[in-house]
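Undergrad:
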Amino acid sequence: MAAAPATTSQTGISSKTLFEGVGNLIKLLPTGTVFVFQFLNPVLTNNGSCSAVNKSLNAVLIALCGLACFFSSFTDSYTGTDNKTHYGIVTPAGLWPAPSSDGLDLRSQRLRVGDFAHGLLSLTVFAALALLDTNTVRCFYPEFESEQKVLLQVLLPVIGGFSSSVFALFPSDRHGIGYRPSS
Numbered sequence: 022m023a024a025a026p027a028t029t030s031q032t033g034i035s036s037k038t039l040f041e042g043v044g045n046l047i048k049l050l051p052t053g054t055v056f057v058f059q060f061l062n063p064v065l066t067n068n069g070s071c072s073a074v075n076k077s078l079n080a081v082l083i084a085l086c087g088l089a090c091f092f093s094s095f096t097d098s099y100t101g102t103d104n105k106t107h108y109g110i111v112t113p114a115g116l117w118p119a120p121s122s123d124g125l126d127l128r129s130q131r132l133r134v135g136d137f138a139h140g141l142l143s144l145t146v147f148a149a150l151a152l153l154d155t156n157t158v159r160c161f162y163p164e165f166e167s168e169q170k171v172l173l174q175v176l177l178p179v180i181g182g183f184s185s186s187v188f189a190l191f192p193s194d195r196h197g198i199g200y201r202p203s204s
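Sequential numbering from 22 applies to the sequence shown in the working numbering.
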């Protein structure tokens, strides 16, 4: 006997869940930050042939991009009294908003332990991506280049799989910079 085809309601529910899960995974790393790193890293490392200045500049790039990945876990967006999207920084007292939202109570969007967990996972994924990049390896630790391929094949999928699982099981309800607030 052939299995009965899925009904549209079952398909609709599973599709919605799938898209929500993918949306949560997309928030794992801010794409703009990763793009900036991927764009500037070859330039700052001179395609892996680094001088002391190149190493310093690339170290600053990695630190700033890592900070941006971590910091993005502490931002949220909301619809203000003017029906426009506004962004704020999450604090222990609530969301620290733009001044145009005086009439809204944003104390419910307080800083939580999960924000730090998501920030740390985001930073970990970015650090693995950045520190195992071919140009970064050639620049900072060229003797490590032979082991890099094995680490890329093993470490990145493990870190990505673990982080993705945590994000799928414990999704963040934050809608940081670049993401629309939920309605």
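Built from N, CA and C at the ideal position, the CB exists for glycine as well.
Quick caveat: nothing in here was measured; it's all calculated off a predicted structure.
Rounded to whole angstroms, what's the CA-CA distance from Val43 to Gly181? Just pull it up for me.
TA: Locating residue 43 in the sequence shown gives position 22, where the first residue counts as 1. Locating residue 181 in the sequence shown gives position 160, where the first residue counts as 1. Bear in mind that a pLDDT of 49 at Val43, under 50, signals an unreliable position, so the number given afterwards is only what the model happens to contain. Distance between the alpha carbons of Val43 and Gly181: 13 Å.
Undergrad: Give me the Cα-Cα distance between Leu172 and Leu78, rounded to the nearest whole angstrom.
TA: Position 151 of the sequence shown, counting from 1, holds the residue named residue 172. Position 57 of the sequence shown, counting from 1, holds the residue named residue 78. Approximately 25 Å between the Cα atoms of the pair.
Undergrad: What does the Cβ neighbour count give for Phe58, buried or exposed, with the cut at 16 atoms within 10 Å?
TA: Position 37 of the sequence shown, counting from 1, holds the residue named residue 58. Phe58 should be labelled buried.
Undergrad: One question on the structure: do Thr155 and Gly69 come within less than 8 Å of each other, judged by their Cβ atoms?
TA: Counting from 1 along the sequence shown, the entry for residue 155 is found at position 134. Counting from 1 along the sequence shown, the entry for residue 69 is found at position 48. A contact, by the Cβ cut-off of 8 Å.
Undergrad: Using only the alpha-carbon positions, how far apart do Asn67 and Val74 sit?
TA: Mapped onto the sequence shown, residue 67 falls at position 46. Mapped onto the sequence shown, residue 74 falls at position 53. Roughly 10 Å separates the two Cα atoms.
Undergrad: At 4 residues or longer, and completely inside the segment 58–125: list those alpha helix (DSSP H) runs for me, N to C.
TA: Runs of the alpha helix (DSSP H) inside the segment 58–125: 73–92.
Undergrad: Keeping to the same chain, check which residues put their C-beta closer than 7 Å to that of Pro113; ignore five residues upstream and five downstream.
TA: Position 92 of the sequence shown, counted from the first residue, corresponds to residue 113. Closer than 7 Å at Cβ, skipping near neighbours: Arg131 and Leu132.
Undergrad: Consult DSSP for Pro51 and reduce its assignment to one of helix, strand or coil.
TA: On the sequence shown, position 30 is the one that residue 51 refers to. Pro51 falls in the coil class under three-state DSSP.
Undergrad: Assuming contact is defined by CB atoms lying nearer than 8 Å, are Phe91 and Gly140 in contact in what I supplied?
TA: Numbered from 1 along the sequence shown, position 70 holds the residue referred to as residue 91. Numbered from 1 along the sequence shown, position 119 holds the residue referred to as residue 140. It is a contact, given that the beta carbons lie within the stated cut-off.
Undergrad: Would you kindly work out how many angstroms separate the C-alpha atoms of Leu72 and Gly197, rounded to a whole number?
TA: Sequence index remark: in the sequence shown, residue 72 carries index 51 (1-based). Sequence index remark: in the sequence shown, residue 197 carries index 176 (1-based). In the sequence as displayed, the identity of residue 72 is Ser instead of Leu. About 37 Å.
Undergrad: Where does Leu132 sit, in a helix, a strand or coil, going by DSSP?
TA: On the sequence shown, residue 132 is found 111 positions in, with the first residue counted as 1. Reduced to three states, the DSSP call for Leu132 is coil.
Undergrad: Rounded to a whole number of angstroms, what is the C-alpha to C-alpha distance between Leu144 and Leu150?
TA: In the sequence shown, residue 144 corresponds to position 123, counting from 1. In the sequence shown, residue 150 corresponds to position 129, counting from 1. So the two alpha carbons sit approximately 10 Å from each other.
Undergrad: So, for Leu177: in the same chain, excluding its five sequence neighbours on each side, which residues have a beta-carbon less than 8 Å away from its beta-carbon?
TA: Taking the first residue of the sequence shown as 1, we reach residue 177 at position 156. Here the set comprises Ala149, Leu150 and Leu153.
Undergrad: Considering only the alpha carbon of each residue, which of Ala138, Thr157 and Thr96 lies closest to Ala288?
TA: Since the first and last residues shown for the chain are 22 and 204, residue 288 lies out of range.
Undergrad: Taking the alpha helix (DSSP H) that Gly181 belongs to, which residues open and close that run?
TA: Position 160 of the sequence shown, counting from 1, holds the residue named residue 181. Looking at the DSSP string, the run of the alpha helix (DSSP H) that includes Gly181 is Glu166 to Leu190.
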